[in-house]
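Asker: The numbering of the sequence shown is the UniProt record's numbering, which starts it at 1 and goes up by one.
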Amino acid sequence: MSILAEVPGFLQVFSDGSVLRLAPDHIAPASPTESSIGYMSKDVIIDALKPVTARMFIPSTSGSRDSLPVLVYFHGGGFCIGSTTWYGYHHFLGDLCAAVRCIVLSVDYRLAPENRLPIAYKDCYSSLEWLGCCQSTEPWLDRANLSCLFMSGDSAGGNIAHQVAIMATQDQVPGIQIRGIILIHPYFGSEKRTAEELADGSASYVAMNDLFWNLSIPEGSNRDYSGCNLEAAEMSPEEWDRFPSVMVFVAGLDFLKERGVSYAEFMRKRGVKNVKLAEAEGEQHVYHVYHPKSEATRLLQKQMSDFMAAFGTKG
1 MSILAEVPGF LQVFSDGSVL RLAPDHIAPA SPTESSIGYM SKDVIIDALK
51 PVTARMFIPS TSGSRDSLPV LVYFHGGGFC IGSTTWYGYH HFLGDLCAAV
101 RCIVLSVDYR LAPENRLPIA YKDCYSSLEW LGCCQSTEPW LDRANLSCLF
151 MSGDSAGGNI AHQVAIMATQ DQVPGIQIRG IILIHPYFGS EKRTAEELAD
201 GSASYVAMND LFWNLSIPEG SNRDYSGCNL EAAEMSPEEW DRFPSVMVFV
251 AGLDFLKERG VSYAEFMRKR GVKNVKLAEA EGEQHVYHVY HPKSEATRLL
301 QKQMSDFMAA FGTKG
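Given below as structure tokens:
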């Protein structure tokens with residue numbers, strides 16, 4: 001067998017269609033009991049047949065029985081790699097859960113190229129349906145305020161949060177009210193290259209992005225596929241008017257920064273009421289995953305918390 005595509009250290013795709021994913025050195029187990037870290041976590045099954053699973057985080061109890069907002073998070077990885085169990089995601093989201101005092105549902109969706117888009121979008125949308133159906137039967141959701149729900153994700157996960165928000169705007173999930181989406185270094189593209197993509201020294205970044213898109217978009221599609229190119233979204237003005245508030249984070253040293261800024265501009269032009277953009281100067285792509293305990297990550301968590309507090313009670 002020959003290797004058709006490779007992301008060194010993470011992914012190999014072979015000529016017979018098989019895929020080898022190399023797990024990172026550090027995998028974090030769930031911790032479903034009280035501890036000094038400020039949160040508990042456990043793994044749940046969203047859909048056993050597909051399968052779709054998730055890791056749930058709740059703040060450690062401190063006598064309070066107040067209802068808690070809910071954050072649904074979608075990991076990055078070019079739609080092809082990544083997991084809720086990776087050390088960086090586990091600790092970033094656990095610390096966020098404790099700091100914000102919210103319930104976090106971190107979703108493991110099916111990966112490309114075996115499961116090409118829009119499968120990841122449908123899997124992640126099903127996590128909202130699971131929340132709406134299982135609140136009465138899942139003990140960790142007994143304090144969940146599903147009328148105060150946010151969605152977030154980094155890189156490809158930010159793309160997913162946007163696409164799931166479109167799906168939920170067009171076909172609302174009973175019992176769920178999405179107040180906002182928080183996109184961290186979102187991953188979008190198009191057949192037309194941007195100025196950054198055409199610049200000298202960008203060839204390796206462009207090649208890697210193209211590789212992930214080629215592995216994840218539907219067979220026969222190109223980068224103008226609606227999941228990749230924002231301009232291809234089919235939404236009426238009335239639907240854009242109902243779209244939830246948006247927070248976009250970009251990193252100063254991230255090759256995808258230009259796409260993230262363009263995303264915020266696109267949403268404003270479409271009439272989305274609340275669109276905020278924040279830049280972490282001097283930081284790389286998904287730094288919060290690689291450095292979940294850094295000062296920059298702490299600031300990101302505070303900014304996410306402030307956004308959720310600002311829009312958590314607004315319709």
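Built from N, CA and C at the ideal position, the CB exists for glycine as well. Just so you know, these numbers come straight off a predicted model, no measurement behind them.
Please identify the residue among H291, E196, S147 whose C-alpha is closest to the C-alpha of D254.
Answerer: Position 254 of the sequence shown holds residue 254. Selected option, being the one with the closest Cα: E196.
Asker: With DSSP collapsed to three states, give me the class of L300.
Answerer: Within the sequence shown, residue 300 is the residue found at index 300, counting from 1. The answer is helix: DSSP assigns L300 an H, G or I state.
Asker: Give me the Cα-Cα distance between G315 and R179, rounded to the nearest whole angstrom.
Answerer: In the sequence shown, counting from the first residue as 1, residue 315 sits at position 315. In the sequence shown, counting from the first residue as 1, residue 179 sits at position 179. Residue placement at G315 is poorly supported in this model, since its pLDDT is 37, which falls under 50; the coordinates still yield a value, given next. Their backbone Cα atoms lie some 7 Å apart in a straight line.
Asker: The alpha helix (DSSP H) that contains R259, what's its start and end?
Answerer: Within the sequence shown, numbered from 1, the residue matching residue 259 stands at position 259. Residues 257-269.
Asker: Between the C-alpha atoms of S41 and T53, what's the straight-line distance to the nearest angstrom?
Answerer: Here residue 41 refers to the residue found at position 41 of the sequence shown. Here residue 53 refers to the residue found at position 53 of the sequence shown. Answer to the nearest angstrom: the Cα atoms are 13 Å apart.
Asker: Suppose contacts are defined by Cβ-Cβ distances below 7 Å. Is I181 in contact with P244 by that definition?
Answerer: The residue labelled residue 181 in the question sits at position 181 within the sequence shown. The residue labelled residue 244 in the question sits at position 244 within the sequence shown. Closer than 7 Å, so yes.
Asker: Quickly, what does DSSP pair T85 with across the bridge? List them, please.
Answerer: Counting from one through the sequence shown, the residue named residue 85 turns up at place 85. DSSP output for T85 lists no bridge partner at all.
Asker: Taking a contact to mean a Cβ-Cβ separation below 7 Å, would you say Q301 touches A99 in this structure?
Answerer: Stepping through the sequence shown from its first residue, residue 301 is reached at position 301. Stepping through the sequence shown from its first residue, residue 99 is reached at position 99. In contact: Q301 and A99 (Cβ atoms closer than 7 Å).
Asker: Within 10 angstroms of the Cβ of Y290, are there 16 or more other Cβ atoms? Answer buried if so, exposed if not.
Answerer: To locate residue 290, count along the sequence shown from 1; it is residue 290. Result: exposed.
Asker: Can you tell me whether H26 is buried or exposed, with buried defined as 16 or more other CB within 10 angstroms of its CB?
Answerer: In the sequence shown, counting from the first residue as 1, residue 26 sits at position 26. H26 is exposed by the Cβ-count criterion.
Asker: In the DSSP assignment, what residue or residues form a beta bridge with R65?
Answerer: The residue labelled residue 65 in the question sits at position 65 within the sequence shown. Per DSSP, none; premise fails for R65.
Asker: Taking I81 as the reference, give the member of I103, E258, S35, R21 with the closest Cα.
Answerer: In the sequence shown, residue 81 corresponds to position 81, counting from 1. For the residues I103, E258, S35, R21, the minimum Cα distance to I81 belongs to R21.
Asker: On the three-state DSSP scale, how would you describe S18?
Answerer: To locate residue 18, count along the sequence shown from 1; it is residue 18. In the structure shown, S18 sits in coil (DSSP, three-state: anything other than H, G, I, E or B).
Asker: Under a three-way DSSP split, which group does Q163 fall into?
Answerer: Taking the sequence shown and counting its residues from 1, the one referred to as residue 163 is at position 163. It is helical.
Asker: Bridge partners for Q12 per DSSP, in chain order?
Answerer: Taking the first residue of the sequence shown as position 1, residue 12 is located at position 12. E6, L20.
Asker: Beta-carbon within less than 8 Å of L198's beta-carbon, same chain only, minus the 5 sequence neighbours each way: which residues are those?
Answerer: Taking the first residue of the sequence shown as position 1, residue 198 is located at position 198. Taken in chain order, the list of residues that qualify is empty.
Asker: Please return the same chain residues whose Cβ sits closer than 7 Å to the Cβ of I160, not counting the five positions on each side in sequence.
Answerer: Position 160 of the sequence shown, counted from the first residue, corresponds to residue 160. Correct list, in chain order: F74, A120, Y121, C124, G153.
Asker: If I measure Cβ to Cβ from E191 and keep anything under 8 Å in the same chain, skipping five residues before and after, which residues do I get?
Answerer: If you number the sequence shown from 1, residue 191 lands on position 191. Excluding positions up to five away in sequence, the list reads N222, R223, D224, N229.
Asker: According to DSSP, which residues form a beta bridge with I178?
Answerer: Looking up residue 178 in the sequence shown gives position 178. Paired residues: L149.
Asker: Going by the CB atoms, is the gap between L149 and I184 shorter than 7 Å?
Answerer: Numbered from its first residue, the sequence shown carries residue 184 at position 184. Numbered from its first residue, the sequence shown carries residue 149 at position 149. No, Cβ-Cβ distance for I184 and L149 is not below 7 Å.
Asker: Taking only the alpha-carbon atoms, compute the straight-line gap between G17 and L256 and give it to the nearest angstrom.
Answerer: Along the sequence shown, read from residue 1 onward, the residue named residue 17 stands at position 17. Along the sequence shown, read from residue 1 onward, the residue named residue 256 stands at position 256. The straight-line gap from Cα to Cα measures roughly 29 Å.
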